[in-house]
Each structure stands twice: as C-alpha cells, then as structure tokens.
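Our numbering runs 16 ahead of the 1-based position in the sequence shown.
We put the CB at the ideal spot given by N, CA and C, even for glycine.
Here's the structure we're looking at; comments come further down.
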Amino acid sequence: MKALRFEDDTLRLSEVAVPEGAGEALVRVRVAGICNTDIEIVRGYAGFQGTLGHEFVGVVERAPGDASLEGKRVVGEINAGCGLCELCRAGDPRHCPRRTVLGIVGRDGAFAEYLQLPASNLVPVPDEVSDERAVFTEPLAAACGIVERIRIEEGMSVAVVGDGKLGLLCAQALKAMTGARVTLVGKHQSKLNIAARRGVETLTVAETARSLERAFDVAVEASGSEAGFETALKL
C-alpha cells in the first residue's frame, strides 16, 4: 500500500506492507485530515518516524473481537493504552504513560491506504454525517475535552487564543456546551469572521494588548505558539 512517511528527516510517499496481526482492527482509510501537529512533526516535533496522520474516516475491514464493526464507517480515538497500568485499568488509556498515538508516537498513522487501531478505539459514523464532516471528529473531541479538565459555567467569560482550525472548533464547542461568553482571539480577520458568523465574539491580538489584561475567567491556548501562550496567560 502507499503511505506518506517521515523518515530520516525526509517526507516521502512509500510502498509499505498492509498492517496485519497484533489483534487489532484493520481500517481502510477514506479521508484523512491534515493537522498542524503533522506539520510540526516534519519540523522535528516529538521525534516521530513513520506514517503521519491522525484525523481520519475509514471502513473497518477486519475487527478481531468485534465483528459487528466490520464493514462500518468509523472514526477513532488516537491514543492506544497499554491496558495494564493504573490509568488504563481506571478507564483512561488516553493518558497511559506507555500509550502509542496514531501518527504521533510509536504507531503508523492515517496518511496511508490502511491503518490499525484497537477495535475498542473505533466509533461508527452515523449515515447522515459525511466523511468531510466526520473527519473533524478528532480535533472536535480535543475541543470538547476542555470541559473534562476545567469547570466552565454559563455566564463565565472565556478567551480562546488562536484562530486556526482548533481555535475555531474550541470557540464554537465551548459556546454550545457551556453557555459561557466565548471570545476568539486571533491575528487573521478572515478567520475571525468565520467565528463571528457563528455567534462567537472576536478580538484581534492587537485589541487585547490595549486594555484586557486579566479580563477573562478562563483562557484556552489553541495557537501552539509561544506568543499565544503569553497572550493566554495575560488574559
């Protein structure tokens, strides 16, 4: 099969074997999304070597232990825990210290014709949801995960710093899930306009520098940049 791999500081399209064995599900990839993390890996982030990609929609070709998944269109949890540690036994393999992460840590990813994940990581996609929408499941899940880590209530003020894909998803998800007053902070007016059309308040980074220090109850850093982190701390 063909796979887009990053090896020896080089990104190349390679012919590799179809994954098999290991008691995991085999998924034929239909759509894969490009994340900024993929770009950062090519720049040296995480020291990853192998097939890139962690946002995907695919069809299950083989599912040892759960034949009901075979033939179904799915998305997947990208973290695969060891199954033995305290966190895995407590039902939190996403934070297993020995986990592999699809296309990021120790596991070939979705920029290929096929990928492997534990069957328990796979979630069927409803028929009415298109591939082009479903491929946003992984970054949207990251946005929804914010409320697992911190309590955000109606009436609170939340700043989301960074107007890329993740920032846009975080702002919309937090507004929909919490009823908080959410403001997206970014540098690109065209991207801020996308959020504004969906009812999210917006500010440019320049506007926040004037008079908004400590103006928010919660700040979410979604830019992945040092400057964004500094802005979030200030807000």
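Using a Cβ-Cβ cut-off of 6 Å (strictly less than) and excluding sequence neighbours within five positions of Leu-27, which residues of its own chain qualify?
As a first step, residue 27 must be located in the sequence shown, where it is residue number 11. Correct list, in chain order: Val-58.
Given a threshold of 16 other Cβ atoms within 10 Å of its Cβ, counted over all protein chains shown, does Lys-191 qualify as buried or as exposed?
By 1-based counting over the sequence shown, the position of residue 191 is 175. So Lys-191 counts as buried.
Quick check: what's the CA-CA separation for Glu-246 versus Glu-229?
Here residue 246 is taken as the residue at index 230 of the sequence shown, counted from 1. Here residue 229 is taken as the residue at index 213 of the sequence shown, counted from 1. Across the structure, Glu-246 and Glu-229 are spaced so that their CA atoms are roughly 11 Å apart.
On the DSSP bridge assignment, give the partners of Tyr-130 in chain order.
Reading the sequence shown from its first residue, position 114 is the one you call residue 130. In the DSSP assignment, Tyr-130 is bridged to Arg-44.
In DSSP terms, what Arg-78 is bridged to
Indexing the sequence shown from 1 puts residue 78 at position 62. Leu-42.
Neighbour-count burial assignment, Glu-129, 16 or more Cβ in a 10 Å radius:
Taking the first residue of the sequence shown as position 1, residue 129 is located at position 113. That one is exposed.
Do you know offhand how far Val-91's Cα is from Asp-179's?
Counted from its first residue, the sequence shown places residue 91 at position 75. Counted from its first residue, the sequence shown places residue 179 at position 163. Val-91 and Asp-179: Cα-Cα distance of roughly 25 Å.
Sub-7 Å separation of Ala-38 and Gly-69 beta-carbons:
Against the sequence shown, residue 38 aligns to sequence position 22. Against the sequence shown, residue 69 aligns to sequence position 53. Going by beta carbons, Ala-38 and Gly-69 fall outside the 7 Å limit.
Can you give the Cα-Cα distance for Asp-233 and Met-17, rounded to whole angstroms?
The residue labelled residue 233 in the question sits at position 217 within the sequence shown. The residue labelled residue 17 in the question sits at position 1 within the sequence shown. Each residue's alpha carbon lies about 49 Å from the other.
DSSP puts Arg-123 in a beta bridge; with which residues?
Taking the first residue of the sequence shown as position 1, residue 123 is located at position 107. Residue pairing from DSSP places Arg-123 in a beta bridge opposite Leu-118.
Quick check on DSSP: helix, strand or coil for Glu-71?
Here residue 71 is taken as the residue at index 55 of the sequence shown, counted from 1. Correct three-state label for Glu-71: strand.
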